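Asks: Numbering (the UniProt record's numbering), first residue to last: 1 to 153. Could you have a look at this structure, given as structure tokens, before my questions?
Here it is, written out as structure tokens:
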């Protein structure tokens, strides 16, 4: 069996198992949904107010920090852990009681990544981090960073 098949089967099985609970709103049945009081997610870089030149064709590096919890990949129900989601230019937060929707504005880092490179057009941009549990649902209470603003010139 190819190496990627087993994780794929595990992920599909997990989703099949939790979809009825998610659809019916029975989120209490999903393990690893709470977060410790001291949990904090934050940006290591960039910093609020940082200005970037558009000449950087590779994009900007975004590094995520986490205290009070650990990072683990999506699909693994590890207590007090989760994986990062990067919100870009969101006018309002998505429903934090449901799996975060993947889009151009909600980037998922379900492999447990703690950094990425993103390309943004010139202008001001708002970034925020949200930690999601093993099924992409924010913890209760949500572990979210402050919104930072950066500029691409």
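We treat Cβ as the ideally placed atom computed from N, Cα and C, and that holds for glycine. In this text, all values refer to a predicted model and were calculated from it rather than measured experimentally.
Does the beta-carbon distance from residue 135 to residue 99 come in below 7 Å?
Replies: Cβ distance < 7 Å, so residue 135 and residue 99 count as in contact.
Asks: Provide the residue(s) that pair with residue 135 in DSSP beta bridges, ordered along the chain.
Replies: Residue 135 is not bridged to any residue.
Asks: So, is residue 62 buried or exposed, given that buried needs 16 or more other C-beta atoms within 10 angstroms?
Replies: So residue 62 ends up on the buried side.
Asks: Just how far apart, CA to CA, sit residue 37 and residue 126?
Replies: Cα to Cα, residue 37 sits roughly 26 Å from residue 126.
Asks: Judging by CA-CA distance, which residue of 43, 42, 88 and 96 is the nearest neighbour of residue 161?
Replies: No information on residue 161 is available, as it lies outside the stretch 1 to 153 that the chain covers here.
Asks: So, residue 109 versus residue 83, is the Cβ gap smaller than 7 Å?
Replies: Contact flag set, yes.
Asks: What does residue 117 pair with, by DSSP beta-bridge criteria?
Replies: Bridge partners of residue 117: 61.
Asks: Are the C-beta atoms of residue 105 and some chain D residue less than 7 Å apart?
Replies: Structure shown: chain D not included; a single protein chain is present.
Asks: For residue 153, verify whether its CB is less than 6 Å away from any heavy atom of the ligand COA.
Replies: Annotation note on the ligand COA: not contained in the displayed structure, which lists no ligands.
Asks: With a threshold of 7 Å on Cβ separation, who are the neighbours of residue 111 within its own chain once the five nearest residues in sequence on each side are excluded?
Replies: Closer than 7 Å at Cβ, skipping near neighbours: 73.
Asks: Quick one: what does DSSP say residue 105 is sitting in, helix, strand or coil?
Replies: Reduced to three states, the DSSP call for residue 105 is coil.
Asks: Helix or strand or just coil, what does DSSP make of residue 126?
Replies: Here residue 126 sits in strand by DSSP.
Asks: With DSSP run on the structure shown, which of helix, strand or coil describes residue 38?
Replies: DSSP places residue 38 in coil when its eight states are reduced to three.
Asks: Return the Cβ separation of residue 35 and residue 141 in integer angstroms, given the expectation that the two are a contact with Cβ distance under 8 Å.
Replies: Yes, they are in contact, since the Cβ atoms of residue 35 and residue 141 sit about 6 Å apart, within 8 Å.
Asks: Give me the Cα-Cα distance between residue 151 and residue 59, rounded to the nearest whole angstrom.
Replies: Answer to the nearest angstrom: the Cα atoms are 12 Å apart.
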